[in-house]
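To keep things clear, I will list the structure first and then write my remarks on it.
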Amino acid sequence: MASNLPWGSPLKGYENAAPLPTTINPDGKSLYNPPGPQSASYGNFPKPIDSSNNGFDFHIYYMPNSAEEMQYARELHERIRREFPELRIYKFWDKPVDMPYSAHILDDALGAVGNTALIRLDRIAKQEGIECNLLGKLEYTSVGGSVKDRIAKRMVEAAEKEGKLIPGFSVVIEPTSGNTGIGLALACAVKEKEAALRALGAEVVRTPTEAAWDAPESHIGVARRLQREIPGGIILDQYANPNNPLAHELTTGPEIIEAVVSTPGTAEHPTSGKVDALIAGAGTGGTITGLSRAIKKAHNKSCI
1 MASNLPWGSP LKGYENAAPL PTTINPDGKS LYNPPGPQSA SYGNFPKPID SSNNGFDFHI
61 YYMPNSAEEM QYARELHERI RREFPELRIY KFWDKPVDMP YSAHILDDAL GAVGNTALIR
121 LDRIAKQEGI ECNLLGKLEY TSVGGSVKDR IAKRMVEAAE KEGKLIPGFS VVIEPTSGNT
181 GIGLALACAV KEKEAALRAL GAEVVRTPTE AAWDAPESHI GVARRLQREI PGGIILDQYA
241 NPNNPLAHEL TTGPEIIEAV VSTPGTAEHP TSGKVDALIA GAGTGGTITG LSRAIKKAHN
301 KSCI
């Protein structure tokens, strides 16, 4: 059942590479690129559908070795999807078409905040008897190691813009169990201001964990005292700062939505194409608040 695919010529500047596949292999199960002078560097080989194909109609093999080849691979993948939307297409062999990280050189560490991968948690879903596509957002791969990097970056940048945080004068003080402090320390160090963790050259003041939140010796109480005592002291206050949930409404939420919407369903992983339920750990409540806003406003009002 060979079928011609009207896909045209390779990308400009890549004319000497292997052409885009022109036929479906007669087995009807795979793409086939006829042998040619470039076939050694081109990875499209016939692969009949069987148990190893995991229920996909096609396996597409391609090993990009440069940014130019990655772009070529993306165009190949998108053309296949446009021409044959009904097909279940397996990923490229060596690298995914859409990388969760920037393909550009970043100016500083803050450029590596967020934009984390969304992965399937199939084994956990099976173990717990959960009949849905269970996904996890890998926030620990953010540059500071947690979801708090996002709010730290946004709170620092917003305070700068509003004139509350003055370079060379302000001292950032924050009551934190650790992760927000790391994020703030990173943001402050990159911006050449006083940081909030000893590892980045700042002073860490320990407070008793058993203290009530409003007690003078609690982390919040001590932070407020230090703000009064230290000239230029400023508390960005993750508990009340609107930029906490806003960071997730503008970054984490859209990242999750885009990943879910752009991933086609398969026989193994059928999908509604929507984020139907959301689970997030709650400390300040900023993550769940921001994500809920993003999903319910622009994506799925029925999300649980």
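Going by UniProt numbering, the first residue of the sequence shown is number 1, and it counts up by one from there.
Every residue, glycine too, gets a C-beta built ideally from N, C-alpha and C.
Treat the numbers as computed from the prediction; the structure is a model and nothing was measured.
Between the alpha carbons of residue 210 and residue 130 lies a gap of roughly 37 Å. Relative to residue 176, the option among 280, 158, 151, 265 whose CA is nearest is 151. Here residue 183 is buried, its C-beta having at least 16 other C-beta atoms within 10 Å. Shortest Cα-Cα distance from residue 293 to any of 245, 208, 280, 186 involves 245. Taken in chain order, the unbroken stretches of alpha helix (DSSP H) that lie wholly in the stretch 108 to 132 and span 4 residues or more are 122 to 128. Here residue 135 is near residue 119, since their CB atoms are less than 8 Å apart. According to the DSSP secondary-structure assignment, residue 135 is paired through a beta bridge with 120. The three-state reading of DSSP puts residue 257 in helix, counting H, G and I together.
For the pair of segments examined, the stretch 147 to 163 was found to touch the stretch 246 to 256: the number of CB pairs separated by less than 8 Å reaches three.
According to DSSP, residue 279 shares a beta bridge with no other residue.
Residue pairing by DSSP places residue 230 opposite no residue, since no beta bridge is assigned to it. For residue 151, the enclosing alpha helix (DSSP H) begins and ends at 148 to 161. C-alpha of residue 137 to C-alpha of residue 252: approximately 9 Å in a straight line.
C-alpha of residue 220 to C-alpha of residue 289: approximately 22 Å in a straight line.
Contact annotation: residue 173 and residue 233 have beta-carbon atoms nearer than 8 Å.
Looking at the DSSP output, residue 235 sits in a beta bridge with 173.
Going by C-alpha positions, residue 141 is about 32 Å away from residue 212. Just so you know, the alpha carbons of residue 297 and residue 273 end up roughly 16 Å apart.
Remark: C-beta atoms of residue 143 and residue 109 approach each other more closely than 8 Å.
A direct Cα-Cα distance of roughly 8 Å separates residue 236 from residue 159.
Cβ-Cβ distances below 7 Å link residue 106 to 112 in the same chain, with the five nearest sequence neighbours on each side left out; the list follows chain order.
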